[in-house]
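Structure, as structure tokens:
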């Protein structure tokens, strides 16, 4: 408690030094901090800086954990004013390196062998140093060049200490700040804690990199370095060493004659492929994590690094966010409004016409200007901000998607200022959706689910008969444990309304696939017509029972 109190005092002093005590005074419990101005003195150059700049400088002085917190906070553009979000996005995650002797000791402790056995060479000078880990170059006994990423010593304890303090501050701000319920600072701190704990686990990062590499193993557009699993543990990650031109070094890319328009379009398409084809996307794709292989300037390859933060959506959100994007591309604002309700992002009683009007107000101005001058990412974010009036609720993964979309779009426009994001993204998304939700893929999904349905189908008539018998005798009892019966009732109602259509759609899809000449999936072909008929009949009986 004393340690937390001392840290809190030091935080308040730093905030006062950068004239951020005005922000604290909005919270009644912190109003006494105005007297700390006497201790921190007056710094006119600092006081004249914009508030976003002062916040960024204060976080940098507070230390690496707060720099990381500022970076995560910058993704919440649905909550922050644009000037603050822009400044926080510019936070640099570069800190002083820790001694290489400590890095060597951590590697030896984690991998249970001396450095001399693990590597033929190990570079003492780190290649990079950030708040969570630092990277050393090395060469394996077998001759391959690698990099070793080592988690900072003592960082876990520091993170837990600072997280506990941030949680306390977040709870106070939510309780006493006039807009605490809207800002939800405690939820933001929890989101930050989840992200930073994932970044601490090198095995988790290695798994992320390995899976994305497998998704693009035959690609000439994106390269992911290979992982050396035998040299990877919870605090050490060893991966292939790659070289390339930093994507932000545009003068060097131009000097090498790289086709910047092709590179920019490729970056946008790869983002949509990761999100909507694979449902696993690199969620920290700022320019510092991207290199360019310019060995063939006419066909450059992007190289992605640092997979501590990746994103993945629920199947429901993945479908609806893609449909939302397509509806925006097609200027179908009513469909955008309907999708928000269907996805349960807004309450079911939301007025469609009002949400449609709000959507039109945000999106329509974009189509009155040349599309190469319009930011699709900012249009989507503005739409979600407006939808907050309708009690919009979004999962953290969708916020992460927004942030990555901004990064990719910004990188593309830096490379090629005339890049038309809409022109690149629309056909890519349409093609992925045809593949992902078309008849062949849907038939395959049904075929995968068929064995478990058929395994239970012999029991269905008896179970349905017993249920109907109890119901007719008035003896059917249902035990419900729920804190929100109304919400559950709405969900059941929606399910019952959709069930007939789902059954008919399943039969229609399979029949259409056959009539259209698509190959029947092997799993589906194994079952006889009587078995399939029995299953369909059981489903039909179940439907009639539910309707009654």
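In the UniProt record's numbering, the protein residues as written are 1 to 548. Positions of the beta carbon are idealized from the N, C-alpha and C atoms, including for glycine.
| query | result |
| --- | --- |
| Where does residue 125 land, buried or exposed, given buried means 16+ other C-beta within 10 angstroms? | exposed |
| Check for me: the beta strand (DSSP E) holding residue 237 runs from which residue to which? | 236-240 |
| Count the other C-beta atoms from every protein chain shown that fall within 10 angstroms of the C-beta of residue 407, then say buried if there are 16 or more, exposed otherwise. | buried |
| Taking only runs of the beta strand (DSSP E) that begin and end inside the stretch 241-316, which ones reach a length of at least 3 residues, in chain order? | 290-293, 301-304 |
| Quick check on the DSSP output: the beta strand (DSSP E) that includes residue 138 runs from which residue to which? | 133-140 |
| Which residue marks the beginning of the beta strand (DSSP E) containing residue 145, and which one marks its end? | 145-151 |
| Quick one, are the C-beta atoms of residue 192 and residue 84 less than 8 Å apart? | no |
| Tell me whether the beta-carbon of residue 302 lies closer than 8 Å to the beta-carbon of residue 321. | no |
| Check this for me: beta carbons of residue 134 and residue 233, under 8 Å apart or not? | no |
| Between the C-alpha atoms of residue 358 and residue 389, what's the straight-line distance to the nearest angstrom? | 10 Å |
| Evaluate contact between the stretch 309-329 and the stretch 421-431, counting only Cβ atoms and requiring at least three cross-stretch pairs below 8 Å. | yes |
| For the beta strand (DSSP E) containing residue 121, name the first residue and the last one. | 119-122 |
| Which term fits residue 306, buried or exposed, when burial requires 16 or more other beta carbons within 10 angstroms of its beta carbon? | buried |
| How should residue 88 be labelled, buried or exposed, when 16 other C-beta atoms within 10 angstroms of its C-beta is the threshold for buried? | buried |
| Work out the CA separation of residue 316 and residue 279 for me, nearest whole Å. | 12 Å |
| How many Å lie between residue 453 and residue 360 at the Cα? | 44 Å |
| Where does residue 492 land, buried or exposed, given buried means 16+ other C-beta within 10 angstroms? | At residue 492 the pLDDT is 49, less than 50, meaning the model places this residue with poor confidence and gives no usable figure here. |
| Could you have a look at residue 343 and say whether DSSP puts it in helix, strand or coil? | coil |
| Contact check, residue 151 vs residue 202 under 8 Å by CB: the rounded distance? | 7 Å |
| Label residue 104 either buried or exposed according to how many other C-beta atoms from any shown protein chain fall within 10 Å of its C-beta, with 16 as the threshold for buried. | buried |
| Quick check on the burial criterion: 16 or more other C-beta atoms within 10 angstroms. Buried or exposed for residue 19? | buried |
| Taking residue 377 as the reference, give the member of 157, 422, 333 with the closest Cα. | 422 |
| Does the separation of the CB atoms of residue 56 and residue 90 fall below 8 Å? | yes |
| Could you tell me the alpha carbon to alpha carbon distance between residue 382 and residue 424, rounded to whole angstroms? | 21 Å |
| Taking the alpha carbon of residue 294 as the point to measure from, which residue in 418, 251, 392, 310 has its own alpha carbon closest? | 251 |
| What does the alpha-carbon distance come out to for the pair residue 158 and residue 171? | 20 Å |
| Work out the CA separation of residue 169 and residue 260 for me, nearest whole Å. | 46 Å |
| Express the C-alpha separation of residue 59 and residue 70 in angstroms, rounding to a whole number. | 7 Å |
| Expressed to the nearest angstrom, what Euclidean distance is found between the alpha-carbon atoms of residue 108 and residue 310? | 28 Å |
| What do you reckon, are the CB atoms on residue 106 and residue 200 nearer than 8 Å? | no |
| From residue 237 to residue 268, what distance separates their C-alpha atoms? | 28 Å |
| Less than 8 Å between the beta carbons of residue 277 and residue 419, yes or no? | no |
| Taking a contact to mean a Cβ-Cβ separation below 8 Å, would you say residue 189 touches residue 166 in this structure? | yes |
| If you drop the 5 nearest sequence neighbours on each side, which residues of the same chain put their C-beta closer than 7 Å to that of residue 375? | 409 |
| Could you give the uninterrupted runs of the alpha helix (DSSP H) lying entirely in the stretch 404-480, keeping only those of 4 residues or more? | 421-437, 439-456, 460-472 |
| For residue 206, which option in 402, 235, 187 has the closest C-alpha, if you only look at C-alpha atoms? | 235 |
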